[in-house]
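In UniProt numbering, the protein residues as written are 1 to 217.
Each residue gets a CB set at the ideal place from its N, CA and C atoms; glycine is no exception.
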């Protein structure tokens, strides 16, 4: 089951730079022939003249090159410093066949990624936490709705079940509370409880039973 996962991580990479601009969109991450990690990124802000000076002060950046300069943004090639490399999660993602689709740096680093399995997601999450990089899932959904149609689970039920699973709500003992999971989904405890019950019932009916699904949310 291929998943699309939207999550936030707290990493120092480009953190000093983004404080003087509105946002940074990372278009590409790659390794040069000499083994250096480079980012191709668009920088947006009201005063882009400050960017070069801020990059010079950013200890996660070793060097940079301005590639394009339209009126409202700048395109940079950024080579990470040793400190930047230490906090880079991309190699870990690649090891678990996780492909980054979007990376936006603002107050946090928000990433949208294609993840092959839940196990790969959890392993990647654990490696980030081992590195001291906080990791928060914002949204999970399937790349296609084939599995949802098969198991009779609505999109909202699926999202609630997967986040509850990832956060340890179903663990014994529980690693999180109903309120904490509800907070991530921005719904009430009662709404989440009902959504989880319906989702679990639909899964059971469509795997162990034969009753038709109830897609009420």
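Within the segment 16 to 46, complete beta strand (DSSP E) segments of at least 3 residues are found at 23 to 31, 37 to 44, given in chain order. Rounded to whole angstroms, residue 58 and residue 18 show a C-alpha spacing of 10 angstroms. Three or more Cβ pairs drawn from the segment 38 to 57 and the segment 3 to 21 lie within less than 8 angstroms of each other, which places the two stretches in contact.
Within the model, the alpha-carbon separation for residue 87 versus residue 37 is close to 12 angstroms. Inside the segment 46 to 88, DSSP marks whole beta strand (DSSP E) runs of 3 or more residues at positions 61 to 68, 73 to 80, from first to last along the chain. Collapsing the DSSP output to three states places residue 135 in a strand. Listed in chain order, the non-local C-beta contacts of residue 5 below 7 angstroms within the same chain comprise 113, 115, 121, 137, 140, local neighbours out to five positions each way being set aside.
Residue range 178 to 185 is occupied by the alpha helix (DSSP H) that includes residue 178. Counting other Cβ atoms within 10 Å of its Cβ, residue 152 reaches 16 or more and is therefore classed as buried.
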